[in-house]
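So the sequence shown is numbered by numbering that gives the first Met the number 0: it starts at 0 and just counts up by one. First comes the structure, then the notes that go with it.
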Amino acid sequence: MVFSRSALNESKAAFKLPSSRKEWMQFCAVGVGCYLAGLLGLQATNLHPPVSPVWPPTGVELAAILLLGYSIWPAVFIATFFVCLAAATPVHAALAISVANTLEPIVAAYLVKRFAGGISAFESPRGVVKFVLSACFLGPALDASLCLAYLYQAGYPQGPDKGMMWLTWTAGDAIGGLLFAPFLILLFGTQHHRLDKREFAELVVLLLGLIATCLTVFGPLSLRFEQKQLLMPWMCLPFIIWIGFRFCQLEASGSALLLFGLAIWGTLHGYGPFVTPDFNVSVMFLAVFVGVTATATLAIAATLSERRRVEEGLLGLQTLLQETVQGKTRDLTATIETLQTEVAERMHAEISLRESNDRFQQLAATISDVFWLMDIANTRLLYISPAYESVWGRPCSSLYADPHSWLDAVHPDDYDRALAFFNQETSENHYDSEYRIIRPDGSVRHIWDRGYIVRDQSGRICRVAGLASDITEKKRLQEELQEAQKWKQERN
């Protein structure tokens, strides 16, 4: 057998003496518990050395080591030694039995921890089966083999029934381990479901019915009814199965302990269906009944407990999913509401912009001045009002295609003044220039053009907005006025 590193560390800790008051109290409690359990087991035998069909110390010792660790083994050894002395066993035989009985729960505890999950063995059916094989078969078989190998060599006991003696010893330890260890481990090593009033009342009714049935099947009344074949051990099983289905592993193991305690008591006193002329055969029948029924009870309770845990986990997962979905739904609803608000605001802005653009288009279409907007950085015309066509006599599309095409109409003598609108190095924020243009029909128009500069963050010119007015008529009136004034002066 290959031991893991953790097992080696635990084996080193097994030789550590108690160092605190709590550890000493645990040490003493285990020793007293094993001793009292041993005295209880001696009540079922009159053999020397003691070979009991039910040996409760096995379950107490195994539970103590699983719950408290390997360091508790000296208490087991001392208690077993004093139990043997109480049964008038010779000292050398008592020492041998104590060594074997101490080794048994240590090996069983290691196997349970290694293969069955330790004190969590009763949480799944597979763990229950592995616990039974490790603690109720391999461990007791090892103890019986070691003890009888020594005792036969020493002359105890004598007789031809060596195999039956070995079976009785193994069965007694197995029954003790199967009945007491699960109950003690579940009682002191795990958390329990707290019963409400209705569950407690139901459990009390079931236990009272179980006790009444057991006293009938395994009590003095069994002598009256057994001949009519009206009673059988299976009459007790519905109560155990009901408890296994309705309650947790602790209640199931406690009910099994109660049932088999009464069954063992009745069988040892000659009552019940397992009584035969051969006491060892009765013990074998009883061991089979206890082993199969107790294992099935624990397996049923573990299966239902595992199912409840899965259902609780699924319920918790469902709740988590529901909360997540609800949270996502709330977030999605908030996002949709935000988007709806943004869409409504955008639609309102678009409507406002469209209305403003319509008003601008209407204004631009009604005024006689030419409004224009130029992107100087990219030399691109952004907008030209329809008045351009009436003033320049050229289509707006030609100016969009070539933003410089308006210069083609500028009078050659005024070309330099018109080019002032392309001076990107100016520090002024507006232009003001007058120039003449020649329309395609040969007519000359006087233009007063004002440009307003838009700069970026670095101060460079990025756009220029302008307003060009046709002042030809104004120029004509000014010239006529000047001619009239000049003629008047000449007459005077």
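Even glycine gets a Cβ: it sits at the ideal position worked out from N, Cα and C.
Residue from the options whose Cα sits closest to the Cα of residue i
| i | options | result |
| --- | --- | --- |
| H429 | H410, W447, I446, A464 | A464 |
| C146 | A108, F130, A93, V131 | A93 |
| F114 | D368, V127, E250, M164 | V127 |
| L61 | P237, L398, A108 | A108 |
| N294 | G269, I335, P124 | The residue asked about is misnamed: residue 294 is Thr in this sequence, not Asn. Checking every option, the nearest Cα to that of T294 belongs to P124. |
| A266 | S252, A286, Q248, E250 | The sequence as given places Thr at residue 266; Ala does not occur at that position. Closest option to T266, Cα to Cα, is A286. |
| F284 | A170, D431, A74 | A170 |
| E103 | G138, R449, G208, W241 | G138 |
| R444 | D431, V453, G450, S468 | S468 |
| A251 | D330, H192, Y270 | H192 |
| P237 | Q248, S254, S221 | S254 |
| G32 | E482, V75, L177 | V75 |
| Q152 | K112, E122, A95 | A95 |
| L205 | F179, F182, F246, L185 | F246 |
| I263 | F288, F121, L249, Q248 | F288 |
| W241 | F187, Q317, Y34, E198 | E198 |
| D368 | I210, R379, E388 | E388 |
| S426 | A200, S432, V453, A36 | V453 |
| I383 | N377, T189, R345, Y399 | Y399 |
| G68 | V90, S396, V29 | V29 |
Reduced DSSP secondary structure (H/G/I, E/B, other) of residue i
| i | result |
| --- | --- |
| Y270 | coil |
| F370 | strand |
| C247 | coil |
| P219 | coil |
| T334 | helix |
| S19 | coil |
| P302 | Looking at the sequence shown, residue 302 is not Pro but Thr. Residue state, collapsed to three classes: helix. |
| R393 | coil |
| S123 | coil |
| Q190 | coil |
| Q228 | Model confidence at Q228 stands at a pLDDT of 47, short of 50, so the residue's coordinates are unreliable; what they give is reported in the following sentence. Q228: coil per DSSP, three-state reduction. |
| P492 | Given that the chain is displayed from residue 0 to residue 491, the structure contains no residue 492 and the question cannot be resolved. |
| S144 | helix |
| S384 | coil |
| P237 | helix |
| P402 | coil |
| G116 | coil |
| D277 | coil |
| D172 | helix |
Assigned exposure category for residue i - 16 Cβ within 10 Å defines buried
| i | result |
| --- | --- |
| W233 | exposed |
| P56 | buried |
| K487 | exposed |
| I350 | exposed |
| M24 | exposed |
| K473 | exposed |
| N100 | buried |
| S70 | buried |
| G441 | exposed |
| C213 | buried |
| K327 | exposed |
| Q481 | exposed |
| I335 | exposed |
| Y451 | exposed |
| F273 | buried |
| F244 | exposed |
| P276 | exposed |
| S457 | exposed |
| C83 | buried |
| M164 | buried |
| M373 | buried |
| D172 | buried |
| F26 | buried |
| F179 | buried |
Bridge partner(s) assigned by DSSP for residue i
| i | result |
| --- | --- |
| R379 | D374 |
Checklist entry - Taking the runs of the beta strand (DSSP E) that are 3 residues or longer, which of them lie wholly in the stretch 405 to 472? => result 429 to 437, 443 to 454, 460 to 469
Checklist entry - What are the start and end residues of each continuous beta strand (DSSP E) run of 3 or more residues lying completely inside the stretch 43 to 113, in chain order? => result none
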